[in-house]
């Protein structure tokens, strides 16, 4: 029908009417495309908000877990440092052995690096990362993910070093009646240097865990702040 009218206008040389109908047609197509684009943008924005809420929950959990892990590591480092001072002394008092035993018990603590990345992985794998309007947020998410991958790999090496030290430390634990354990002071006094070296290894690796955990926490908190600025 449109083409028949166009031919009629051309035959009758109604160029003004022809131009007007052409403009109306173009404007109609443009408005239709704009309406579709607006609808798509609205849908994408709704999906983005859903992901942002999930990201907020993930990073709230991450920050809480990292804070708790940092507290455990700091406590263990404090006990190990005190034990290293005790082992450096020529003589030890009776109460020192309990402090050494407490340090042995906490020596198995290590950085957990609990960062919850399930929502980020979903965004990355599905291609929905493009729905996040903030470039700064996308970069921050990538930084958290990359740091987590790097720390996970290096912590495997630290765990190997711990694996060599822990059996040495276990030699200074002896059983008591009733399935209880105590510190073997007699074995220690034969040569305290072996336990000193083992505790030094554990303490050094825990310090690395602490540094990485604090860096992870800073990145997690930064990302959480960015997520919250994007939530309506």
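Residue numbers (my numbering): -19 to 212.
Glycine included, each C-beta is placed from N, C-alpha and C at the ideal position.
Exposed unless 16 or more other CB atoms sit within 10 angstroms - verdict on residue i
| i | result |
| --- | --- |
| residue 91 | buried |
| residue 48 | exposed |
| residue 121 | buried |
| residue 144 | exposed |
| residue 115 | exposed |
| residue 189 | buried |
| residue 124 | buried |
| residue 205 | exposed |
| residue 178 | buried |
| residue 185 | buried |
| residue 83 | buried |
| residue 66 | buried |
| residue 156 | exposed |
| residue 193 | buried |
Separation of residue j from residue i, as counted between CA atoms
| i | j | result |
| --- | --- | --- |
| residue 187 | residue 208 | 32 Å |
| residue 63 | residue 118 | 45 Å |
| residue 46 | residue 197 | 6 Å |
| residue 43 | residue 95 | 8 Å |
| residue 98 | residue 41 | 12 Å |
| residue 162 | residue 36 | 45 Å |
| residue 176 | residue 140 | 18 Å |
| residue 151 | residue 135 | 25 Å |
| residue 168 | residue 101 | 49 Å |
| residue 212 | residue 146 | 51 Å |
| residue 103 | residue 202 | 19 Å |
| residue 108 | residue 133 | 27 Å |
| residue 110 | residue 25 | 11 Å |
| residue 170 | residue 50 | 35 Å |
| residue 181 | residue 138 | 9 Å |
Coil, strand or helix - residue i by DSSP
| i | result |
| --- | --- |
| residue 65 | helix |
| residue 151 | coil |
| residue 71 | coil |
| residue 141 | helix |
| residue 112 | coil |
Proximity winner among the options, relative to residue i (alpha-carbon distances)
| i | options | result |
| --- | --- | --- |
| residue 210 | 6, 3, 34 and 81 | 34 |
| residue 56 | 151, 88 and 28 | 88 |
| residue 29 | 152, 191, 46 and 113 | 113 |
| residue 154 | 111, 81 and 130 | 81 |
| residue 131 | 184, 191 and 68 | 191 |
| residue 172 | 94, 72 and 137 | 72 |
| residue 183 | 99, 110, 86 and 32 | 86 |
| residue 174 | 84, 37, 149 and 9 | 149 |
| residue 93 | 203, 157, 161 and 53 | 53 |
| residue 165 | 107, 78, 203 and 61 | 78 |
| residue 200 | 69, 127 and 159 | 127 |
| residue 27 | 106, 3 and 39 | 106 |
Extent of the continuous beta strand (DSSP E) to which residue i belongs
| i | result |
| --- | --- |
| residue 161 | 160 to 163 |
For residue i, the first and last residue of its enclosing alpha helix (DSSP H)
| i | result |
| --- | --- |
| residue 94 | Counting along the chain, residue 94 falls outside any alpha helix (DSSP H), and DSSP gives it neither H nor E. |
| residue 182 | 172 to 210 |
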